[in-house]
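Okay, so the sequence shown: first residue is 116 according to the working numbering, each after it adds one.
Every residue, glycine too, gets a C-beta built ideally from N, C-alpha and C.
Step one of this worksheet: look at the structure below.
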Amino acid sequence: MKFFADTAEISEIRELADTGLLDGVTTNPSLVQKSGREFIEVVREIVGVVKGPVSAEVVALDYEGMVREAEVLRKIADNIAVKVPLTPAGLKTCKTLSGDGTMVNVTLCFSSAQALLAAKAGATFVSPFIGRLDDVGTDGMSLIADIRLIYDNYDFETQILAASVRHPMHVVEAAKVGADVMTAPPKIIWQLFKHPLTDSGIASFLKDWESTGQKIV
Ligand code: G3P
Numbered sequence: 116m117k118f119f120a121d122t123a124e125i126s127e128i129r130e131l132a133d134t135g136l137l138d139g140v141t142t143n144p145s146l147v148q149k150s151g152r153e154f155i156e157v158v159r160e161i162v163g164v165v166k167g168p169v170s171a172e173v174v175a176l177d178y179e180g181m182v183r184e185a186e187v188l189r190k191i192a193d194n195i196a197v198k199v200p201l202t203p204a205g206l207k208t209c210k211t212l213s214g215d216g217t218m219v220n221v222t223l224c225f226s227s228a229q230a231l232l233a234a235k236a237g238a239t240f241v242s243p244f245i246g247r248l249d250d251v252g253t254d255g256m257s258l259i260a261d262i263r264l265i266y267d268n269y270d271f272e273t274q275i276l277a278a279s280v281r282h283p284m285h286v287v288e289a290a291k292v293g294a295d296v297m298t299a300p301p302k303i304i305w306q307l308f309k310h311p312l313t314d315s316g317i318a319s320f321l322k323d324w325e326s327t328g329q330k331i332v
C-alpha cells in the first residue's frame, strides 16, 4: 500500500518524507486555505520534496476551465496528478488529460457507480472518501471493498486511493480490503508507528543493557 500525506503543510511533508515511507501527497482547496499559502508556490515546494505523485486540484467547474487550470498545474512538475471532481465535466477532463499521459486523481467519489465511471475515464487514482461516508451513517469501508471487486473484474488499472481517513484503523481496514493507496493527515500517519508495548519494551531493554556496562563499538 502506498502512503500519501493529505496536507499542504510543507514542514509536515518534510518530516514524513524523512522517514523514507512517504510515497506522495494530496492537497485540496481546503488544505491550501488552511496552510495560508499561495497555491502554486506551495505545490512547487512540495514537488521539490516528494518525488511521487502530488495531487493539485482544479477549481473550475466547466470542462474548458478545468483543462485550462490543469495546463497550469501539470507544467509545475512531471509528478503532478491533476485532481478533478467526480462530475461529467471532471470525467471529460480526466479522459482528455489521461489521453495526454497526465496523471489524474478523480476526487469526491462516494459510490461504486462513480468509481466505475472514473476508471472508464482513465483515472490514475480514484478517491473514495471513507470518513465523510461514515459521517452520514454509511459504511465507507464497504465502498472501498466494492470498488476493489469491480476493478478486479475488469482489470482496470485505476488505483483506489482511500481518502478522508480519520484514524489508524481506517488505514488498516483499507489495506485489508485492498486499497492501493491511502492518504491521511500526517498526525494519523505518525499514529501508525505507535504502540505502548513498543515504548515499554524499549525502556526495559535499555535498562537491562545499561546494567551490563557494555557498548556497541
Ligand atoms: O483530500 C481529500 C480528503 O482526504 C479529505 O478528507 O477529512 O476532509 O473528509 P476530510
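Beta-carbon contacts of residue i that lie in its chain and below 6 Å, excluding the five residues immediately before and after
i: phenylalanine 244; result: Ala278, Ser279
i: glycine 246; result: Ser279, Arg281
i: lysine 235; result: none
Chain-order list of residues whose beta-carbon lies under 7 Å from that of residue i (same chain, five-residue window excluded)
i: serine 196; result: The residue asked about is misnamed: residue 196 is alanine in this sequence, not serine. So the list reads Pro168, Val169, Ser170, Met218, Val219, Asn220, Thr239, Phe240, once near-sequence residues are dropped.
i: phenylalanine 118; result: Leu136, Leu137, Asp138, Met297, Ile304
i: serine 150; result: Ala123, Glu124, Val157
i: asparagine 194; result: Val162, Lys166, Gly167, Pro168, Val169
Close beta carbons around residue i, own chain, < 8 Å, minus the five adjacent residues each side
i: leucine 352; result: There is simply no residue 352 to check, as the chain begins at 116 and stops at 332 in what is shown.
Of the residues the options, the one placed nearest residue i, counting alpha carbons only
i: valine 147; options: Gly139, Glu124, Leu136; result: Glu124
i: arginine 183; options: Met297, Ala260, Val173; result: Val173
i: leucine 131; options: Trp324, Pro300, Ile331, Phe320; result: Pro300
i: leucine 75; options: Ile161, Gly151, Ala294; result: Here the chain has residues from 116 to 332 only, and residue 75 is not among them.
i: glutamine 306; options: Val296, Ala318, Val287, Lys291; result: Val287
i: valine 251; options: Asp270, Lys235, Phe225, Tyr266; result: Phe225
i: asparagine 143; options: Leu223, Glu127, Thr208, Ile259; result: Leu223
i: arginine 129; options: Ala289, Asp121, Ile161, Asp254; result: Ile161
i: valine 199; options: Thr313, Tyr178, Ala192, Ile191; result: Tyr178
i: serine 227; options: Val332, Gly237, Ile275, Glu127; result: Ile275
i: leucine 188; options: Arg152, Val157, Gly151, Ala204; result: Val157
i: threonine 141; options: Asp121, Glu325, Ser126; result: Asp121
DSSP bridge partner residues for residue i (one or two, in chain order)
i: glycine 237; result: Answer is none; glycine 237 lacks a bridge partner.
i: aspartate 121; result: Thr141
i: methionine 218; result: Ala196
i: leucine 276; result: Val296
i: cysteine 224; result: Pro243
i: serine 170; result: Thr141, Ala196
Residue i beta carbon near the ligand G3P (any heavy atom closer than 7 Å)
i: serine 226; result: no
i: arginine 129; result: no
i: alanine 230; result: no
i: phenylalanine 240; result: no
i: arginine 281; result: yes
i: threonine 202; result: no
i: arginine 247; result: yes
i: alanine 236; result: no
i: alanine 363; result: Given a span of 116 to 332 for the chain in the structure shown, any question on residue 363 remains unanswerable.
i: threonine 298; result: yes
i: phenylalanine 244; result: yes
i: asparagine 220; result: no
i: asparagine 143; result: yes
i: aspartate 121; result: yes
Euclidean distance between Cα positions of residue i and residue j
i: methionine 256; j: methionine 181; result: 30 Å
i: alanine 185; j: aspartate 323; result: 58 Å
i: threonine 211; j: leucine 176; result: 15 Å
i: alanine 230; j: glycine 316; result: 44 Å
i: glycine 284; j: isoleucine 155; result: Position check: residue 284 holds methionine in this sequence, whereas glycine was assumed. Cα to Cα, methionine 284 sits roughly 33 Å from isoleucine 155.
i: arginine 159; j: glutamate 272; result: 28 Å
i: alanine 260; j: valine 292; result: 5 Å
i: glutamine 329; j: methionine 116; result: 40 Å
i: glutamate 153; j: threonine 313; result: 40 Å
i: proline 203; j: cysteine 209; result: 10 Å
i: alanine 289; j: threonine 253; result: 15 Å
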